[in-house]
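K.L.:
In the working numbering, the protein residues as written are 11 to 525.
1) Within this structure, are the beta carbons of residue 342 and residue 211 separated by less than 8 Å?
2) Counting C-beta neighbours from all protein chains within 10 Å, is the total for residue 225 16 or more, i.e. buried, or is it exposed?
3) Kindly give me the distance between the Cβ atoms of residue 140 and residue 396, rounded to whole angstroms, as I take these residues to be in contact under 8 Å.
4) Pull up the distance between the alpha-carbon of residue 175 and that of residue 214, whole angstroms please.
5) Pull the bridge partners of residue 70 from the DSSP assignment, please.
6) Mind the definition here: the stretch 142-149 touches the stretch 283-293 only if three or more C-beta pairs lie below 8 Å; say whether that holds.
7) Could you tell me which uninterrupted beta strand (DSSP E) segments, each at least 3 residues in length, are contained entirely in the stretch 211-270, listed from first to last along the chain?
8) Could you tell me which residues DSSP pairs with residue 117 in its beta bridges?
9) Straight-line CA distance for residue 376 to residue 370?
10) Between which residues of its own chain and residue 513 is the CB-CB distance below 6 Å, once the five residues before and five after are set aside?
11) Since residue 417 is in the alpha helix (DSSP H), which residue starts that stretch and which ends it?
12) Reducing DSSP to helix, strand and coil, say where residue 112 ends up.
13) Can you check whether the CB of residue 430 is closer than 8 Å to the CB of residue 179?
14) Rounding to the nearest angstrom, what Cα-Cα distance links residue 363 and residue 420 in this structure?
15) Does residue 230 pass the burial test, meaning 16 or more other C-beta atoms within 10 Å, or should it be called exposed?
16) Since residue 178 sits in a beta bridge, which residues does DSSP pair it with?
17) What number of angstroms, rounded off, separates the C-alpha of residue 491 from the C-alpha of residue 248?
18) With distances taken Cα to Cα, identify the nearest neighbour of residue 442 among 472, 281 and 265.
19) Just the Cα atoms here: how many angstroms apart are residue 32 and residue 157?
20) Do residue 71 and residue 64 come within 8 Å of each other at the CB atom, strictly closer than that value?
21) Residue 482: buried (16+ other C-beta within 10 angstroms of its C-beta) or exposed?
22) Would DSSP call residue 444 helix, strand or coil?
23) Could you compute how far the alpha carbon of residue 94 sits from the alpha carbon of residue 366?
24) Hey, residue 251 and residue 485: beta-carbon distance below 8 Å or not?
25) Can you give me the C-alpha to C-alpha distance between residue 241 and residue 233, rounded to a whole angstrom?
26) If I measure Cβ to Cβ from residue 336 and keep anything under 7 Å in the same chain, skipping five residues before and after, which residues do I get?
27) First and last residue of the alpha helix (DSSP H) that includes residue 354?
28) Under 6 Å Cβ to Cβ from residue 235, same chain only, skipping five residues before and after it: list those, please.
29) Which same chain residues end up closer than 6 Å to residue 51 when comparing Cβ atoms and leaving out the 5 residues on each side of it in sequence?
30) Could you give the distance in angstroms between the alpha-carbon of residue 136 and the alpha-carbon of residue 455?
31) Measuring only the C-alpha atoms, how far is residue 382 from residue 400?
32) Considering residue 532, what are the terminal residues of the alpha helix (DSSP H) in which it resides?
33) By how many angstroms is the C-alpha of residue 374 removed from the C-alpha of residue 301?
34) Counting pairs of Cβ atoms below 8 Å between the stretch 443-450 and the stretch 184-193, do you hit three or more?
35) What residue range is occupied by the uninterrupted alpha helix (DSSP H) comprising residue 96?
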């Protein structure tokens, strides 16, 4: 098995040496790799991000694919993300967890949630929102929130299936996610070959996305923020890369329990740091909050001063929400599948909190800070816009933001390392040696990502991440009746008292269940 994996890696390396490195003039490693991707694989990114013109602006079809799915799941499951939101909070708190829990799995509901959050709460919440408002204006915020709320239903569906069809190993470890529910779930429904095709396609895209957007891009942007904040000269990115690689390696070597242990502490800390910084800015400019919301509402339906008008604001908000919380992409289902439970619906409900925290709370905080600063009307965009908006209140925020960026990047890396690992072992088989090959490769890519500048490589890896949603959502449409059946069964057993609320010593649950 290891020799087979080594052959695949050798083929990839030979592709680089025979194409990009065969240029007529000597080029740097980063330019050579980028040249290879631009010359040979740019068609893939172009295909995934194919856009259609709408009212003077371009609308990515892949965004519509994710948004339409979120709407369908929201109606099909009876607005479960709103109706059962209180129940989801109770499950995370452990109210329905038996104190003598011997259920299969490796982590608690809270740890599964924070692991998945660490993969989505990242640079997109800082740089991505800055880009959305620079192009789509404050009105993009409204559509970003709406998409986040609808995306909660997509998470519910995929994470329920992630637990239901996971693979439980004899040593107590579990492997789950779209690879397993696509192959097993569709086989149950008589679509064996389609399920295998979707599962393999999803796994391949997950590995590519993990090494690129979930790894190299994170290290690259973390290093860029450190250089900007501390005034470090260029050329020392490898130092940042080595440090990050050591940190990432020390965590991922222990597998999911180690990752969950770190994220359960890191995610609340980094969220508190970033939200706290945002609250200070908002409180300092309390008199401007009302006007900021007015700009958001007005811009959402008029798109004043924005390219494409109302449609331009809508598109940017939709893009940011779908790019940020990854609802429908299927990545989070891999993390949630490791939870200790025998009830798949419990983790499906827990997962609805993820887009709410990521998009509705954290992305909205960023948008309000930028809108209040008024800097989205200038030449700045992305992380530079967000950084400038924060430093408008206090210069020290530039350094705090740099810390937040590094924390976000690190947390995203360790979560995506796990996503890529599970896709890797699905394709090449379970085993310590197989896992070690992947983990070493992942850490090497951390150093590469922080050391060089990529363009086409990042476009390719972003496309791979969103290609995951094509395979995933096709499967979700086939399997959503399975989820609906699980939901009705679970709610009926909660109402009857068969599933106990241990916070109330087994007394029947609260008002939201009986209403």
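Beta carbons are placed, not taken as given, at the ideal position from N, Cα and C, and that holds for glycine. Given the structure is predicted, the values throughout are model-derived calculations rather than measurements.
P.N.:
The answer reads as follows:
1) Their beta carbons are not under 8 Å apart, which means residue 342 does not touch residue 211 by this criterion.
2) Result: buried.
3) With a Cβ gap of about 4 Å, residue 140 and residue 396 count as contacting.
4) Their backbone Cα atoms lie some 19 Å apart in a straight line.
5) In DSSP, residue 70 forms a bridge with 61.
6) Segment contact: the stretch 142-149 against the stretch 283-293, fewer than three CB-CB distances shorter than 8 Å; contact not assigned.
7) Fully enclosed beta strand (DSSP E) runs of 3 or longer: not present.
8) Residue 117 is bridged to 349.
9) Taken atom to atom, the span from the alpha-carbon of residue 376 to that of residue 370 is near 10 Å.
10) Hits under 6 Å: 105.
11) Run containing residue 417: 407-438, per the alpha helix (DSSP H) assignment.
12) Residue state, collapsed to three classes: coil.
13) Their beta carbons are not under 8 Å apart, which means residue 179 does not touch residue 430 by this criterion.
14) About 22 Å.
15) Residue 230 is buried by the Cβ-count criterion.
16) Here residue 178 is bridged, per DSSP, to 184.
17) Residue 248 has its alpha-carbon roughly 49 Å from the corresponding atom of residue 491.
18) Closest by C-alpha distance to residue 442, out of 472, 281 and 265, is 265.
19) Any answer about residue 32 is weak, because its pLDDT of 42 lies below 50 and its placement is not dependable; what the coordinates show is given next. Looking at the backbone, the Cα of residue 32 and that of residue 157 are separated by about 45 Å.
20) With contacts defined as CB atoms closer than 8 Å, residue 64 and residue 71 fail to qualify as a contacting pair.
21) That one is buried.
22) Under the three-state reduction of DSSP output, residue 444 falls in the helix class.
23) When rounded, the distance between both Cα atoms is 13 Å.
24) For residue 251 and residue 485, no; Cβs fall outside 8 Å.
25) About 11 Å.
26) The answer, listed in chain order, is 130 and 342.
27) Counting along the chain, the alpha helix (DSSP H) containing residue 354 begins and ends at 354-361.
28) A distance below 6 Å between beta-carbons, with the five flanking residues on each side excluded, links residue 235 to the following residues of its chain, in chain order: 412 and 415.
29) Excluding positions up to five away in sequence, the list reads 470.
30) Taking the CA atoms as reference points, residue 136 sits about 23 Å from residue 455.
31) Using only the alpha carbons, I get a separation of about 10 Å.
32) The chain is shown only over 11 to 525; residue 532 falls outside these bounds and no answer can be derived.
33) A straight line joining the alpha-carbon of residue 301 with that of residue 374 spans about 15 Å.
34) Flag = no, the stretch 443-450 and the stretch 184-193 do not touch.
35) Counting along the chain, the alpha helix (DSSP H) containing residue 96 begins and ends at 95-103.
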